[in-house]
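Residue numbers (the numbering used here): 1 to 381.
Glycine included, C-beta positions come from ideal geometry on N, C-alpha and C.
Quick caveat: nothing in here was measured; it's all calculated off a predicted structure.
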Amino acid sequence: METCYFDYNATAPLRPEAKAAWLTAADDLWLNPSSPYRAAARVHAHLAEARAVVAGLFAVAAERVVFNSGATEANNAIFAHWAATLPADARIGVSPTEHPSVLAAAQHFFAGRVIWLALDGSGAVDVAALQALLSERQIAAISVMAANNETGVLNDWAAIATECRAQGVPYHCDASQWIGKLPLDRLQTCDFLTGAAHKFGGPKGVGLCLLPAGNSGFMSLHGGAQEFGHRAGTEDVASVLAMVAALREVERGSAQGRDAFLVELGHVLPAVEVIGFAAQRLWNTALLIMPEFASVRWIRALEKRGFLVSAGSACSTGKQGPSPVLAAMGVQADAMQRVLRVSSGWATSAADWLALAAAMADCRAELSSEADDSTSTIISI
Ligand code: PLP
1 METCYFDYNA
11 TAPLRPEAKA
21 AWLTAADDLW
31 LNPSSPYRAA
41 ARVHAHLAEA
51 RAVVAGLFAV
61 AAERVVFNSG
71 ATEANNAIFA
81 HWAATLPADA
91 RIGVSPTEHP
101 SVLAAAQHFF
111 AGRVIWLALD
121 GSGAVDVAAL
131 QALLSERQIA
141 AISVMAANNE
151 TGVLNDWAAI
161 ATECRAQGVP
171 YHCDASQWIG
181 KLPLDRLQTC
191 DFLTGAAHKF
201 GGPKGVGLCL
211 LPAGNSGFMS
221 LHGGAQEFGH
231 RAGTEDVASV
241 LAMVAALREV
251 ERGSAQGRDA
261 FLVELGHVLP
271 AVEVIGFAAQ
281 RLWNTALLIM
291 PEFASVRWIR
301 ALEKRGFLVS
311 AGSACSTGKQ
321 GPSPVLAAMG
331 VQADAMQRVL
341 RVSSGWATSA
351 ADWLALAAAM
361 ADCRAELSSE
371 ADDSTSTIIS
381 I
């Protein structure tokens with residue numbers, strides 16, 4: 001049975017170009033790029049070239065680009081940096097819908113000094129309310145993601161970046177779900193930008209961070225002078241080259257497949273609700289509240305048919321409490337138990353989407369025949 005993968009927001013399969021770049025570099029470029037001999041200088045040159053490509057794609061100076069192990073590291077490092085450099089009583093503004101690597105880092109480093117930003121009805125940060133906070137000089141730094149990993153809802157990060165710049169407040173944007181799905185133009189207006197290669201077809205364990213121009217104090221890891229002194233540690237050149245190969249391939253995707261799936265789903269399972277349906281959101285994501293049966297039962301039934309989807313959060317698989325994202329959006333606790341997230345990417349076809357709708361109808365028939373689970377509350381968001 002072929003696997004039909006619908007969990008790109010968790011991780012994307014390696015693009016063939018990234019795999020080829022990784023294998024070649026692992027064979028040819030394994031020397032330490034900081035070693036003193038010429039052979040190592042060649043490795044360093046490849047790293048510098050990769051940095052130049054990233055700098056070109058984001059239209060920034062190469063010195064703003066730091067390669068690292070991914071978005072969790074970068075997000076943590078930015079809050080650590082703010083905690084070390086902002087006044088001791090500084091408060092920071094954070095969207096309550098951020099990824100756990102932002103939420104936990106903000107709480108760890110700023111504890112009671114986090115101001116949770118207001119959301120609009122679709123789960124995006126309310127920019128007018130944020131502007132008011134900024135003009136009252138209540139916050140010393142802001143963290144608002146570009147696109148949400150659970151709902152796909154987009155924030156107006158460009159407006160937030162402009163406002164922050166006007167007020168002289170540093171702005172961090174976690175763009176892990178945006179990079180590789182939507183255009184990179186203007187992302188460089190965010191002071192700190194973070195992203196992860198495995199979300200766009202690069203390897204896991206490698207990512208990138210853009211720093212504000214001229215920032216010299218940022219230190220992700222202490223030790224050697226790699227990455228302009230911002231992040232110590234021997235660079236994983238093969239992974240960086242693979243990440244850049246993947247980044248070169250990304251192109252703007254289309255919502256056609258996802259939207260045709262939603263239409264079809266409306267026919268075969270009319271009681272399904274789509275979270276953030278009316279909002280600006282990623283073209284590849286649909287966060288569904290199923291009319292009945294817990295997420296985990298859907299996930300297992302779909303997997304038996306070869307379809308890999310996820311719950312909106314880890315709650316349904318028993319790892320954590322309810323999703324803070326959905327809680328912040330006002331989704332009721334019982335509905336959270338029935339959430340499914342489907343997300344597509346570079347290898348998904350329109351036929352895959354339609355096959356998923358058919359499989360969901362099939363699963364419903366199977367689950368109904370074995371069911372004693374009769375939750376049926378339907379909510380509208
Ligand atoms: N930020 C967002 C929005 C994400 O979706 C993820 C991935 O789950 C991360 C951060 C963490 O990225 P990484 O896996 O590179 O640590």
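Could you spell out the range, first to last residue, of the alpha helix (DSSP H) harbouring Ile142?
Within the sequence shown, the letter at position 142 stands for residue 142. If you look at Ile142, you'll find it isn't in any alpha helix (DSSP H); it sits in the beta strand (DSSP E) that goes Ala141 to Ser143.
To the nearest angstrom, how far is the alpha carbon of Cys363 from that of Leu269?
The residue given as residue 363 occupies position 363 in the sequence shown. The residue given as residue 269 occupies position 269 in the sequence shown. In this structure, the straight-line span from the alpha carbon of Cys363 to that of Leu269 is close to 11 Å.
So is Tyr5 buried or exposed if we call it buried at 16+ other beta carbons inside 10 Å?
Locating residue 5 in the sequence shown gives position 5, where the first residue counts as 1. Label assigned to Tyr5: buried.
Alpha carbon to alpha carbon, how far is Arg15 from Gly201?
Here residue 15 corresponds to residue number 15 of the sequence shown, with the count starting at 1. Here residue 201 corresponds to residue number 201 of the sequence shown, with the count starting at 1. In this structure, the CA atom of Arg15 is about 5 Å from the CA atom of Gly201.
Thinking C-alpha only, which one of Ser368, Gly266 and Ile160 is nearest Arg297?
Position 297 of the sequence shown holds residue 297. When each option's Cα is compared against that of Arg297, the closest is Ser368.
Straight-line CA distance for Leu282 to Thr11?
On the sequence shown, position 282 is the one that residue 282 refers to. On the sequence shown, position 11 is the one that residue 11 refers to. Looking at the two C-alpha atoms, the distance is approximately 15 Å.
When you measure from the CB of Gly70 to every non-hydrogen atom of ligand 1, does any distance come out below 8 Å?
As a first step, residue 70 is located in the sequence shown; it is residue number 70 there, counting from the start. Result yes, Cβ under 8 Å from ligand 1.
Cβ distance (whole Å) where Val144 is taken to contact Val125 below 8 Å
What you label residue 144 is simply residue 144 of the sequence shown in a count that begins at 1. What you label residue 125 is simply residue 125 of the sequence shown in a count that begins at 1. With a Cβ gap of about 5 Å, Val144 and Val125 count as contacting.
Less than 9 Å separating the beta-carbons of Ala175 and Leu193?
Translated into positions along the sequence shown, residue 175 becomes position 175. Translated into positions along the sequence shown, residue 193 becomes position 193. Between Ala175 and Leu193, the C-beta spacing is below 9 Å.
Measuring alpha carbon to alpha carbon, tell me which of Glu136, Leu356 and Leu265 ends up nearest Val309.
To locate residue 309, count along the sequence shown from 1; it is residue 309. Taking the Cα of Val309 as reference, the smallest distance to any Cα among Glu136, Leu356 and Leu265 is reached at Leu356.
Is Leu119 near Ala278, with beta carbons less than 9 Å apart?
Walking along the sequence shown from the start, residue 119 turns up at place 119. Walking along the sequence shown from the start, residue 278 turns up at place 278. No, these two residues do not count as a Cβ contact at 9 Å.
Excluding the 5 residues flanking Trp116 on each side, which residues of the same chain have their C-beta closer than 6 Å to its C-beta?
On the sequence shown, position 116 is the one that residue 116 refers to. Closer than 6 Å at Cβ, skipping near neighbours: Pro96.
Can you list, in chain order, the residues of its chain whose CB lies under 6 Å from that of Ala59, leaving out five sequence neighbours each side?
Here residue 59 corresponds to residue number 59 of the sequence shown, with the count starting at 1. Counting only Cβ-Cβ distances below 6 Å, and skipping sequence neighbours, we find Gln188.
State the start and end residues of the unbroken beta strand (DSSP E) segment that holds Thr24.
For this step, residue 24 is matched to residue 24 along the sequence shown. Boundaries around Thr24 are those of the alpha helix (DSSP H), Pro16 to Asp28, since no beta strand (DSSP E) includes it.
For Trp116, three-class secondary structure by DSSP
The residue you call residue 116 lines up with position 116 of the sequence shown. If DSSP states are grouped into helix, strand and coil, Trp116 belongs with the strands.
Can you tell me which residues form a DSSP beta bridge with Thr194?
Along the sequence shown, one-based indexing puts residue 194 at 194. Per DSSP, Asp174 and Cys209.
According to DSSP, is Asn9 part of a helix, a strand, or is it coil?
If you number the sequence shown from 1, residue 9 lands on position 9. Coil.
Uninterrupted beta strand (DSSP E) stretches inside the stretch 22-76 (no shorter than 3 residues):
Runs of the beta strand (DSSP E) inside the stretch 22-76: 65-68.
Beta carbon of Thr234: closer than 8 Å to some heavy atom of ligand 1?
As a position in the sequence shown, residue 234 is number 234, starting the count at 1. With a threshold of 8 Å, the Cβ atom of Thr234 does not count as near ligand 1, since no heavy atom of the ligand is closer than that.
Enumerate in chain order the residues of its own chain whose CB-to-CB distance from Ala55 is below 8 Å, with the five nearest sequence positions on each side excluded.
To locate residue 55, count along the sequence shown from 1; it is residue 55. So the qualifying residues of the chain are Ala61, Ala62, Arg64 and Val65.
Mind checking whether Arg341 and Gly312 have CB atoms under 9 Å apart?
In the sequence shown, the residue the question calls residue 341 occupies position 341. In the sequence shown, the residue the question calls residue 312 occupies position 312. Contact flag set, yes.
Starting from Ser369 and walking both ways along the alpha helix (DSSP H), at which residues does that stretch end?
Against the sequence shown, residue 369 aligns to sequence position 369. Per DSSP, Ser369 belongs to the alpha helix (DSSP H) from Ala350 to Ser369.
Taking buried to mean at least 16 other C-beta atoms within 10 Å of its own C-beta, is Ser135 buried or exposed?
Here residue 135 is taken as the residue at index 135 of the sequence shown, counted from 1. The residue in question, Ser135, is exposed, as its Cβ has fewer than 16 Cβ neighbours within 10 Å.
Using DSSP with H/G/I as helix, E/B as strand and the rest coil, what is Val272?
Within the sequence shown, residue 272 is the residue found at index 272, counting from 1. If DSSP states are grouped into helix, strand and coil, Val272 belongs with coil.
Contact between the stretch 217-224 and the stretch 243-261 (3+ Cβ pairs under 8 Å)
Per the Cβ contact rule, the stretch 217-224 is not in contact with the stretch 243-261 (fewer than 3 Cβ pairs under 8 Å).
What residue from Val244, Ala197, Thr348 and Pro13 has the CA that sits closest to Asp70's CA?
Residue mapping note: residue 70 aligns to position 70 of the sequence shown, counting from 1. The sequence shown places Gly at residue 70, rather than the Asp named in the question. The candidate whose alpha carbon is nearest that of Gly70 is Ala197.
Between Arg42, Ala48, Pro36 and Arg38, which lies nearest to Val244 when the distance is taken from Cα to Cα?
Position 244 of the sequence shown, counting from 1, holds the residue named residue 244. Comparing alpha carbon positions, the residue from Arg42, Ala48, Pro36 and Arg38 closest to Val244 is Ala48.
Under 8 Å by Cβ, that's how I've got Tyr171 and Ile142 pegged, so tell me the actual separation to the nearest angstrom.
One-based indexing of the sequence shown puts residue 171 at position 171. One-based indexing of the sequence shown puts residue 142 at position 142. Their Cβ separation, rounded to whole angstroms, is 5 Å, which keeps Tyr171 and Ile142 in contact under 8 Å.
Taking the beta carbon of Met290 as the centre, do at least 16 other beta carbons fall within 10 Å, making it buried, or is it exposed?
As a first step, residue 290 must be located in the sequence shown, where it is residue number 290. Under the 10 Å beta carbon count, Met290 is surrounded by 16 or more other beta carbons and is classified as buried.
Quick one: what does DSSP say Thr3 is sitting in, helix, strand or coil?
For this step, residue 3 is matched to residue 3 along the sequence shown. DSSP places Thr3 in coil when its eight states are reduced to three.
Ligand 1 heavy atoms versus the CB of His108: any closer than 8 Å?
Here residue 108 refers to the residue found at position 108 of the sequence shown. No; taking the cut-off as 8 Å, the Cβ of His108 has no heavy atom of ligand 1 nearer than that.
Exposed unless 16 or more other CB atoms sit within 10 angstroms - verdict on Leu287
Here residue 287 corresponds to residue number 287 of the sequence shown, with the count starting at 1. Counting the other CB atoms within 10 Å of its CB gives Leu287 a total of 16 or more, which places it among the buried residues.
Cβ neighbours of Arg91 in the same chain (closer than 6 Å, five flanking residues each side left out):
Against the sequence shown, residue 91 aligns to sequence position 91. Closer than 6 Å at Cβ, skipping near neighbours: Arg113, Ile115 and Ile139.
Please classify Arg38: is it buried, with 16 or more other beta-carbons within 10 angstroms of its beta-carbon, or exposed?
Position 38 of the sequence shown holds residue 38. Exposed, by the Cβ-count rule.
If contacts are defined as beta-carbon pairs under 8 Å, then Leu130 and Gly93 qualify, I think. What distance do you get, rounded to the angstrom?
Working through the sequence shown from its first residue, we reach residue 130 at position 130. Working through the sequence shown from its first residue, we reach residue 93 at position 93. Contact check for Leu130 and Gly93: beta-carbon distance about 7 Å, within the 8 Å limit, so the pair qualifies.
How is Thr151 classed by DSSP in three states: helix, strand or coil?
Mapped onto the sequence shown, residue 151 falls at position 151. Coil.
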